[in-house]
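Following: one structure in structure tokens, then a few remarks.
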Amino acid sequence: MTAEQTLFSIFSSVALISGIMVIRAKNPVHSVLFLILVFCSTSGLLLLLGLDFFAMVFLVVYVGAIAVLFLFVVMMLNIKMAEITENLLRYLPVGGLIGFIFVFEVLLVVDNDLIPLLSITKPRASLLTEYFQIYSTFFFQSFIALIRGKINLTEWNLDRHDLVNDLEQAITNLTTIFQGTIHHNEWVSKIHNVTNIEAIGQLVYTYYFYYFLMSSLILLVAMIGAILLTMHKGMKSVKRQEIFEQNARQFSKTIQKIR
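Letter by letter, the sequence shown follows residues 1145 to 1403 of my numbering.
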């Protein structure tokens, strides 16, 4: 087992155990702490995949903002342990159904390339069958070409070297099949390598800039709505700032000397 596979096993195990403890812990504060541990383990998995930008976003956004917000909200709420234990069995069927749907969706989405321990290679029998079909077609076409008139000595001398080279290449490829050392081109190393931030920027600001602008507009509307909700005129307890009255105040009438 390589170092990458060992780290993958550690991070994934910690993430799974912490995820279970999020719903099993009786103290809400402990649940939030286990949730932070899940986010940190997920960031480690993203680093193993080479997605350093997403790992940083996970730590900054989820751990630094959302998890801390959950922690403050849970600490400010007056939650009794008896209420949590009482409502646990009531929502168990609904939670089980949601969990089953979530696992089913994960199995549909997850690719084998994301899990190095479960990577499935192509069977040797299918490779042998594929190469046998390719080279049998080659030999059949060569035989038909010979029958059609390429038995002429002059043409044979001209094409002899090409045919011999093709036969040698075919024999070499068949030999590599049985040896298990099939040659393949590493196209990933030949393609120009770009960073995660550059790739995300090209996608977001070129192909998906409509969705980016729409999400920005939605966030702006949500911010304005939250401000308007706090400035409700019917609530007398909310303190407001009257800009016009403050600017119209005179200094002589505002300051009083107390003796």
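Don't be surprised by glycine CBs; every beta carbon is placed ideally from N, CA and C.
- Between V1176 and L1215, the C-beta spacing is below 8 Å.
- The segment 1204-1212 and the segment 1352-1360 do not touch, with fewer than 3 CB-CB distances between them shorter than 8 Å.
- Take the alpha-carbon of A1343 and the one of L1192: they are about 18 Å apart.
- Where M1145 is concerned, there is no enclosing alpha helix (DSSP H), because DSSP gives it neither an H nor an E.
- A straight line joining the alpha-carbon of G1240 with that of V1247 spans about 11 Å.
- In the three-state DSSP reduction, K1397 falls in the helix class (H, G or I).
- Around the C-beta of F1388, fewer than 16 other C-beta atoms lie within 10 Å, and the residue is accordingly described as exposed.
- The Cβ-Cβ distance between I1341 and F1198 does not fall below 8 Å.
- Rounded to the nearest whole angstrom, the C-alpha separation of A1370 and I1399 is 36 Å.
- Taking C-beta atoms under 8 Å as the contact rule, L1203 and S1185 fail to qualify, at a distance of about 11 Å.
- Residues S1175 and F1178 of the same chain have their beta carbon placed closer than 7 Å to that of A1169, with the five preceding and five following residues left out of the count.
- Around the CB of I1180, 16 or more other CB atoms lie within 10 Å, so the residue is classed as buried.
- Listed in chain order, the non-local C-beta contacts of S1162 below 8 Å within the same chain comprise F1178, L1179, L1181, V1182 and S1185, local neighbours out to five positions each way being set aside.
- Assignment of Q1346 by DSSP, reduced to helix, strand and coil, places it in the helix class.
- Spanning the alpha carbons of L1347 and V1205 requires a straight line of approximately 21 Å.
- In this structure, the CA atom of S1396 is about 14 Å from the CA atom of I1402.
- Look at R1234 here: in three-state DSSP terms it is coil, with no helix or strand label.
- Here F1152 is buried: its Cβ has 16 or more other Cβ atoms, across all protein chains shown, within 10 Å.
- Rounded to whole angstroms, the separation of the alpha carbons of L1233 and V1173 is 21 Å.
- Our two residues, S1360 and Q1313, have alpha carbons roughly 58 Å apart in a direct line.
- Here V1166 carries a helix assignment [DSSP, helix/strand/coil].
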